[in-house]
Structure formats: structure tokens, C-alpha cells
Amino acid sequence: MQLLDRSVTPGERSAKARAALRVAPRAVGAFYATSLETYRCMFKRPFHLREFLQQAWFIASVSIMPALLMAIPFCMMFVYQINILLAEIGAVDLAGAGAGVAIVREIGPIVTVLVVAGAGSTAICADLGSRTIREEIDAMKVLGIDPIHRLCVPRVLASTFIAIFLNGLVSAVGLVGGYIATVYMQGASPGQYVTAISIITGLGDFFVAEIKAAVFGMLAGLVACHLGLNVRGGPKGVGDAVNQTVVFSFLLLFLANSIITTLAMH
């Protein structure tokens, strides 16, 4: 059978363009509505402490090892290359200062971004998406149970808490990795490294990094919950939602990182 080729008319092209332009604002609006409802439900009683603890343990179990495996070699190689540049200008005694600024201000939060979005939020989305296609979410609504309050709030708070914990862990492990690279691989003085850390980096930098981590964890949890609760198309839709969670989480988290860093520097 021969298929007839029909050219697309200008009217059809404009209709498709208008439909495509309407998709993004609707998606942003739906995410905004889910976020507002989640924030509202955070202050409702009862607080599901058991669900929160279970989700925090689950997210930690899938995030801690990838975070450590990323942080140690990443920080060691970064500090190693910085020290080579400092040696060229005779400023090896400032190796700890460079390591502190880089690891506490940027590397720690960025590793947290990658792990929370790549491991934690995808697991949340897959869980909620599976519940959605099995019609468990609809059954909860019929029984008068708010899925946002019962499922999303504990997961968003757990993601926020674990992101804060991960950032502190990555920063500490990263500084230890920088110490190994500086002292044992390049023969610098241990005292110089430890003393120089506090020259530029202070408690305020750590607080800013923790604020970043909290925002990252909350955004990743919100994206995962929103996409998981709005899965369409069966098991294939769950896979698509998980992929979208990674992409959208990365975009939002790097944008938030840029905004918070700019505000903190000024």
C-alpha cells in the first residue's frame, strides 16, 4: 500500500507551535501548585514521623556511598592540580586555603546536587510513579487521605535533611582528601595545610553551603514528587518521569546554585 504524503499547512504549523508554547507554562504552573500545596501541608497535623524516618534512611542508603566515591577522587585531583599551580608561584603554603574555598563553597554543594538528583530524587519518583499507575494514589483520595500530606511532605523533608547531612559529609571527606593529596602526594607540610584552611574559609561559608544543600534537597524532592504523582502511560511513563526528574532537577539545582552563590558573594 502506498502512503500519500500530505504537506503540513501553515495553519497546522502555527497550531503546533502554539500548543508547544503552552506546554512549558502549564508544566511550571503545575509544579508551582504542587510546591505550594506541599509547603502548606508541612504545617498540618499529624506529622508522619515514621514515614519521614523511613524515607530519610532510604535516601541516605542510596546516596552516601555514591557521594563518598565522587568526593574523594574529585577533591584529591582538584587540590593536586591547584597545588601544582601554587608551586609555580611559590605559594604552596596556601594550598589549604585553596582547598577550603573550593571544597566548602562549591565542590561539596555540587557533589550533593549530583547525588541527590541522580540517586535520591529518582528513587522517590520511581516509588510514587509506581503507586500512581497502580491507582494507589486514586484509592487514597477516595478514602479521604491527602497524598501530598501523607507521601510528599515526608519525602521532601527527608530529602532536605539528607542533603544537608551529605553536604557536611562531602566537605569533611573532601578536605581529608585534599590533605592526602597535599601532604602525602606532594610532600607539603601538614601544619601549613591545616592552618591555611581558615585564612579564607570561615563558618559563614559553611553556613551558605548548608543553605545551598537544603535548597537543593527540597527542590529535588519537590520535582520528584510532582513528576511521580503525575505519571501517565503505564510503566513506560514511570521511566520517562524518572528521566525527566534527573534533567529538571539538574537544571533547577544548578540555577539555584548560581543564584545563591551570587547573593552570598555580594
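Using my numbering, you'd call the opening residue of the sequence shown number 869 and step up by one each time. For glycine and all other residues, C-beta sits at the position ideal for the given N, C-alpha and C.
Judged by beta-carbon spacing, I978 lies beyond the 8 angstroms limit of G1089, meaning their Cβ atoms are not closer than that value. In the structure shown, the three-state DSSP call for L1011 is coil.
By the C-beta density criterion, K1080 is buried, having at least 16 other C-beta atoms within 10 angstroms. Closest option to A928, judged by alpha-carbon separation, among F1029, F942 and H1094: F1029.
Non-local beta-carbon contacts of A987 in its own chain, meaning distances under 6 angstroms to residues more than five positions away in sequence, involve V930, S931 and P934 in chain order. When C-alpha distances from I1128 are compared across A1077, L1087 and M910, the shortest belongs to A1077. Pairwise C-beta distances place the segment 1091-1104 out of contact with the segment 957-973, as fewer than three of them are shorter than 8 angstroms. Burial is judged here by how many other beta carbons sit within 10 angstroms of a residue's own beta carbon; F1116 has at least 16 and is buried. In the structure shown, the three-state DSSP call for V930 is helix.
Residue environment: L1019 is assigned as buried (16 or more neighbouring CB atoms within 10 Å of its CB, all protein chains considered). Annotation: the continuous alpha helix (DSSP H) that includes T990 extends over S989 to I1001.
A straight line joining the alpha-carbon of G1072 with that of I1032 spans about 15 angstroms. Under a 10 Å Cβ-count criterion, I1013 is classified as exposed, with fewer than 16 other Cβ atoms of the shown protein chains found around its own Cβ. Under the 10 Å beta carbon count, A1007 is surrounded by fewer than 16 other beta carbons and is classified as exposed.
A901 sits exposed, since fewer than 16 C-beta atoms from the chains shown fall within 10 Å of its C-beta.
Counting only the Cα atoms, T877 lies some 56 angstroms from P941. Taking C-beta atoms as the reference points, A939 and G1045 count as a pair closer than 8 angstroms. For Y1047, the enclosing alpha helix (DSSP H) stretches over residues V1021 to Y1047.
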